[in-house]
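The sequence shown begins at 9 in the working numbering and counts up by one.
Ideal Cβ positions, reconstructed from N, Cα and C, are used throughout, including at glycine.
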Amino acid sequence: MSDYLVIVESPAKAKTIERYLGKKYKVKASMGHVRDLPKSQMGVNVEESYKPKYITIRGKGDVLKDLKKAAKKAKKIYLAADPDREGEAIAWHLAYALNVDEDSNCRVVFNEITKDAIKESFKHPRSIDMDLVDAQQARRVLDRLVGYNISPLLWKKIKKGLSAGRVQSVALKMIIDRENEIENFKPEEYWSIEANFQKGKSNFEGSFYGIDGKKAELKNEKEVKQVLDKLKDKKFTIRKVNKRERRRNPAKSFTTSSLQQEAARKLNFRARKTMMVAQQLYEGIDLGKKAGGITGLITYMRTDSTRISNTAKEEAKAYIKEQFGEKYLGIQKGSGNKKEGTQDAHEAIRPTSTIRDPKSLKEVLSRDQFRLYKLIYERFLASQMAPAIMDTITAHLENNGVEFRATGSKIKFSGFMKVYVEGTDDKKKDENKYLPNLEEGEIVDAKEITPNQHFTQPPPRYTEARLVRTMEEKGIGRPSTYAPTLDTIQRRGYVSIDNKRFIPTELGTIVVNMVNEFFPEIIDVGFTSKMESDLDSIEEGKSEWIKVIDDFYQDFQKRLEVAEEEMEKVEIRDEPAGIDCEKCGHEMVYKMGRYGKFLACSNFPDCRNTKPILKEIGIKCPKCKEGNVVERKSKKKRKFYGCDRFPECDFVSWDKPIARSCPKCESLLVEKKTKKESQVKCTNCDYKEEAQG
Numbered sequence: 009m010s011d012y013l014v015i016v017e018s019p020a021k022a023k024t025i026e027r028y029l030g031k032k033y034k035v036k037a038s039m040g041h042v043r044d045l046p047k048s049q050m051g052v053n054v055e056e057s058y059k060p061k062y063i064t065i066r067g068k069g070d071v072l073k074d075l076k077k078a079a080k081k082a083k084k085i086y087l088a089a090d091p092d093r094e095g096e097a098i099a100w101h102l103a104y105a106l107n108v109d110e111d112s113n114c115r116v117v118f119n120e121i122t123k124d125a126i127k128e129s130f131k132h133p134r135s136i137d138m139d140l141v142d143a144q145q146a147r148r149v150l151d152r153l154v155g156y157n158i159s160p161l162l163w164k165k166i167k168k169g170l171s172a173g174r175v176q177s178v179a180l181k182m183i184i185d186r187e188n189e190i191e192n193f194k195p196e197e198y199w200s201i202e203a204n205f206q207k208g209k210s211n212f213e214g215s216f217y218g219i220d221g222k223k224a225e226l227k228n229e230k231e232v233k234q235v236l237d238k239l240k241d242k243k244f245t246i247r248k249v250n251k252r253e254r255r256r257n258p259a260k261s262f263t264t265s266s267l268q269q270e271a272a273r274k275l276n277f278r279a280r281k282t283m284m285v286a287q288q289l290y291e292g293i294d295l296g297k298k299a300g301g302i303t304g305l306i307t308y309m310r311t312d313s314t315r316i317s318n319t320a321k322e323e324a325k326a327y328i329k330e331q332f333g334e335k336y337l338g339i340q341k342g343s344g345n346k347k348e349g350t351q352d353a354h355e356a357i358r359p360t361s362t363i364r365d366p367k368s369l370k371e372v373l374s375r376d377q378f379r380l381y382k383l384i385y386e387r388f389l390a391s392q393m394a395p396a397i398m399d400t401i402t403a404h405l406e407n408n409g410v411e412f413r414a415t416g417s418k419i420k421f422s423g424f425m426k427v428y429v430e431g432t433d434d435k436k437k438d439e440n441k442y443l444p445n446l447e448e449g450e451i452v453d454a455k456e457i458t459p460n461q462h463f464t465q466p467p468p469r470y471t472e473a474r475l476v477r478t479m480e481e482k483g484i485g486r487p488s489t490y491a492p493t494l495d496t497i498q499r500r501g502y503v504s505i506d507n508k509r510f511i512p513t514e515l516g517t518i519v520v521n522m523v524n525e526f527f528p529e530i531i532d533v534g535f536t537s538k539m540e541s542d543l544d545s546i547e548e549g550k551s552e553w554i555k556v557i558d559d560f561y562q563d564f565q566k567r568l569e570v571a572e573e574e575m576e577k578v579e580i581r582d583e584p585a586g587i588d589c590e591k592c593g594h595e596m597v598y599k600m601g602r603y604g605k606f607l608a609c610s611n612f613p614d615c616r617n618t619k620p621i622l623k624e625i626g627i628k629c630p631k632c633k634e635g636n637v638v639e640r641k642s643k644k645k646r647k648f649y650g651c652d653r654f655p656e657c658d659f660v661s662w663d664k665p666i667a668r669s670c671p672k673c674e675s676l677l678v679e680k681k682t683k684k685e686s687q688v689k690c691t692n693c694d695y696k697e698e699a700q701g
């Protein structure tokens, strides 16, 4: 018999914590929630102050039975679910199911699964925080009132299987608004003039700035000609050289949002995958007996705080000093100004120990685990390092009043950049752009002066990273909601993805227009942001959750009644594909599924023939000479190329075939792409060439 029963959420976590706590403790997993609102009905009694109706989740009966059996044998029960609102609610539901007094010191929280952190947390048990529980209850009730009232309405008026929710509807509207911006965008012409200068044997580039010391915009070719006509010759005088030192500070350690964004940029991870792999790193990886067995490698991954504990700072300081030297140490500052709405209960996402560098763990981590851990580790380490110091130079070059400017910079001291540089959604010019030593009064030659026509570009479509960043900036949702929100709008067929960017579907646009007409507050960014603030206020004990819900529902209920009467039915017709089904002869149509468009027989359900939409690349199959090479996607969504006569012809290539043969051996040429370059290579011999464009 164990003296103490500890209940956590996952079996992996249970094994690790039981090993840390010793023989007197029995650690079991609840496998997440054991009670929740029913799926078959709304489960909220509006007439009784929005009282939730909780039931045991289907399939959790045996888990609960096992926990009750273990609870009877234990002297004391500790509830150790995750350290956030949802974790607090899970602990509260467990307390109810196991007859544990919620006011007793039954709740234990920790932000990292390491021996020291676990043992320390059990020295400070507390009662269940009902403010946190109420904030989570309010979110669940609010989402039920919205989803379980609007969704059936959409089923009746549009088609079955649709849904609308507070956060997902706003995210979808943002994608649609961006698409409308792109469609309505009117490009404007503008010009630039680039010059290639020469000083001695050195070349450097400069751009037209203005005339007679004033900055000038070039709107058309006529204005460009006027500038070029003003130039006397190709000799420019260096009128002024500005030299300055610039400091670049490291990015702070990851929050949930910034981790999802950076993992998308640098690792090509979707938000859902990032959170799944981070969960594995948090719950623990088996490092082997000598290294301590199963150990949590990162702190809790659902956070919007950038705070770092003093213990972690000191350990990082010692590591940086040893590995890089004292000059690389960052200046230790306070936590800084806390962003409004930040849940500062736990730290930023960081490695649980700086000593466990990624290289030492490569053998025990999967490829995805290693890459994400390396990202988290390097970001944290860099955040504790000294700023980088850049020497920047700006040269003002003049010819008859026409001014060009050339800028350059070089790293004087790498600082944090020795370890990590933050990614960006926007392309930046090279940080280390070379400029020769230039002195005022010198004459340099412009070897080439080139005018370039440009047109302003529409705003880009949202990638997952951009959308998460924008949602965070606007206060929409919380760290735990980003990944499931993006997953939902894709599963419902409201958006498709092209080149990693969201494109709204016709169905998504119809749903948003309907919701916007009758429930404008649901997709209003300001309203949704305010609701998140209200939930924070409940968590802080400043607001009553029932009043927050009631203030929303009174107006919402009136809008529901109007929508029931006035919302018109919409018929969504399938788009003809222009080909017939080879199985029954009926017309094939385009359908929208979770992973985008596909072809299906219009005679469904009598004929269930479906086909992927294949994109031809314009060349014949090099193997059978009859079929055409088409672009396909693997189960893991990786692009590859194959014959459209498959399975009769089994030609396949990861690299894109080229419509000409190798000049050396007449074999197939393919285009091989890497992040740095693109080359055309022969599949048989050593022939290769630079890819064009």
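Quick test of your reading: residue i and residue j, contact by CB under 8 Å. State the CB separation rounded to the nearest angstrom.
{"i": "THR24", "j": "THR360", "result": "No, THR24 and THR360 are not in contact; Cβ-Cβ is about 12 Å, not under 8 Å."}
{"i": "ILE190", "j": "ARG469", "result": "7 Å"}
{"i": "ALA396", "j": "PHE421", "result": "6 Å"}
{"i": "ILE85", "j": "VAL108", "result": "5 Å"}
{"i": "VAL520", "j": "ILE531", "result": "6 Å"}
{"i": "GLY30", "j": "ILE98", "result": "At roughly 25 Å, the Cβ-Cβ gap does not stay under 8 Å, so GLY30 and ILE98 are not in contact."}
{"i": "PHE244", "j": "PHE424", "result": "PHE244 to PHE424, Cβ: 37 Å. No contact."}
{"i": "VAL42", "j": "VAL14", "result": "No, VAL42 and VAL14 are not in contact; Cβ-Cβ is about 15 Å, not under 8 Å."}
{"i": "ILE484", "j": "VAL533", "result": "6 Å"}
{"i": "ALA143", "j": "ARG93", "result": "5 Å"}
{"i": "LYS165", "j": "MET522", "result": "7 Å"}
{"i": "ASN407", "j": "LYS240", "result": "6 Å"}
{"i": "ARG310", "j": "PRO19", "result": "At roughly 20 Å, the Cβ-Cβ gap does not stay under 8 Å, so ARG310 and PRO19 are not in contact."}
State yes or no: is the C-beta of residue i within less than 7 Å of the C-beta of residue j?
{"i": "ALA172", "j": "ILE158", "result": "yes"}
{"i": "SER265", "j": "THR314", "result": "no"}
{"i": "ILE666", "j": "VAL688", "result": "yes"}
{"i": "PRO60", "j": "LEU45", "result": "yes"}
{"i": "ARG358", "j": "THR307", "result": "yes"}
{"i": "THR471", "j": "ALA179", "result": "no"}
{"i": "LEU622", "j": "ASP652", "result": "yes"}
{"i": "GLU548", "j": "LEU140", "result": "no"}
{"i": "ARG280", "j": "ALA491", "result": "yes"}
{"i": "ALA454", "j": "ALA203", "result": "yes"}
{"i": "ARG379", "j": "LEU289", "result": "no"}
Does the Cβ of residue i have 16 or more other Cβ atoms within 10 Å, making it buried, or fewer, making it exposed?
{"i": "TYR442", "result": "exposed"}
{"i": "TRP662", "result": "exposed"}
{"i": "LYS382", "result": "buried"}
{"i": "CYS114", "result": "buried"}
{"i": "LYS68", "result": "buried"}
{"i": "LEU236", "result": "exposed"}
{"i": "ARG646", "result": "exposed"}
{"i": "THR702", "result": "Summary: the structure shown does not reach residue 702, with the chain confined to residues 9 through 701, and so no result is reported for it."}
{"i": "ASP694", "result": "exposed"}
{"i": "GLN176", "result": "buried"}
{"i": "ASP352", "result": "Confidence at ASP352 is low in this model, with a pLDDT of 45, below 50, so the placement of that residue should be treated as unreliable; the coordinate-derived value is given next. Label assigned to ASP352: exposed."}
{"i": "GLY342", "result": "Unreliable positioning characterises GLY342 in this predicted model, as indicated by a pLDDT of 47, which lies under 50. The coordinate reading is nonetheless provided below. When all chains shown are included, GLY342 counts as exposed."}
{"i": "ALA608", "result": "buried"}
{"i": "ASN188", "result": "exposed"}
{"i": "THR319", "result": "exposed"}
{"i": "ALA37", "result": "buried"}
{"i": "GLY449", "result": "exposed"}
Contact between the segment 451-467 and the segment 247-259 is defined here as three or more beta-carbon pairs at a separation below 8 Å; is this criterion met?
no
What residue ranges within the segment 23-84 form continuous alpha helix (DSSP H) runs of no fewer than 4 residues, ordered along the chain?
69-81
Answer yes if the segment 282-295 comes into contact with the segment 368-384, meaning at least three C-beta pairs across the two stretches below 8 Å, and no otherwise.
yes
Would you be able to state if there are at least three C-beta pairs under 8 Å between the segment 381-401 and the segment 263-271?
yes
When you compare the segment 581-593 with the segment 531-547, are there three or more beta-carbon pairs, one atom per stretch, that lie closer than 8 Å?
no
Just to confirm the assignment: which complete beta strand (DSSP E) runs, minimum length 3, are found wholly within the segment 193-268?
197-207, 210-219 and 243-256
Residue ranges of each beta strand (DSSP E) run of no fewer than 3 residues wholly in the segment 490-576, ordered along the chain?
503-506 and 509-512
Fully enclosed by the segment 81-115, which alpha helix (DSSP H) runs are 4 residues long or longer?
93-105
List in chain order: all unbroken alpha helix (DSSP H) runs of 4+ residues lying wholly within the segment 278-345.
279-291 and 318-331
Would the segment 649-660 and the segment 624-636 be scored as touching if the rule is three or more Cβ pairs under 8 Å?
yes
Could you tell me which whole beta strand (DSSP E) segments of length 3 or greater appear in the segment 402-485?
410-421 and 451-463
May I ask you to verify whether the segment 317-331 touches the segment 129-144, counting CB pairs closer than 8 Å and requiring at least 3?
no
Across the segment 225-234 and the segment 193-205, are there enough close Cβ pairs to call them in contact, namely three or more that are closer than 8 Å?
yes
Sequence ranges, beta strand (DSSP E) only - wholly within the segment 625-661, length at least 3
636-641 and 647-651
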